[in-house]
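Residue numbers for the sequence shown follow my numbering, so the first one is -10 and each next one is one higher. Think of the CB as a built atom: it goes at the ideal place given N, C-alpha and C, for glycine as much as any other residue. In what follows, a structure is listed as structure tokens, so that the remarks can point back to it.
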Amino acid sequence: MTETEAKEAEILWGRDQQRQQAVSTLSAFGLTEQAIDNQLKAGAKTDAEALKSILLSVADSGASSHDRKMAHFQLAIEAERNGLPFLEHLACAARYELLRHQEQGVQKVKILAAGEANSCPSCQSQNGRVFTITNALHQMPIPCAGCTRTLCGDVPGFCRCGYVAAFD
């Protein structure tokens, strides 16, 4: 194999990995590889661009609050992975998490920090704090604006903490 052929093989391998990752992400929403192909036919230039378009569509009009939450969380992951701003998507994911609890009749939630290795000192100090859903939606303590944790890249602020139902 020549050096040129090796480089071409590496590029193809990277594209295949990107495709498999996109298909895996979409499977959580009941979508298949066909959704990516449809986006490419509609004008998306890459699998990543197609994935983003599909996730934005789910985030805007998903069947459930959970789907919308997960679409925003995946958009945050993709943005962080590519060095782009992600906090807005994390905030939307947290908002839909609260709305899902509200739809299920939950009135109060508490913060669940992502564990010592995955949460910053600020989040750890909030662990267990109880909020009414209305107050949590108003205050939005999660995602923590000053979070120092990362996920895939090296830009801090990828807060992985969340809410769980709180009962008296």
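Non-local beta-carbon contacts of Gly135 in its own chain, meaning distances under 6 Å to residues more than five positions away in sequence, involve Ser111 in chain order. With a 10 Å radius around the Cβ and a threshold of 16 neighbouring Cβ atoms, Asp36 comes out buried. For Gly3, the uninterrupted alpha helix (DSSP H) run begins and ends at -8 to 16, by DSSP.
When DSSP assignments are scanned along the region 9 to 94, the uninterrupted stretches of alpha helix (DSSP H) that are 4 or more residues long and fall wholly within it turn out to be 22 to 30, 36 to 50, 54 to 70, 76 to 92. Only buried fits Ala11, as 16 or more other CB atoms lie within 10 angstroms of its CB. The Cβ atoms of Leu64 and His78 lie closer than 9 Å to each other. Gly151 is bridged by DSSP to Leu101.
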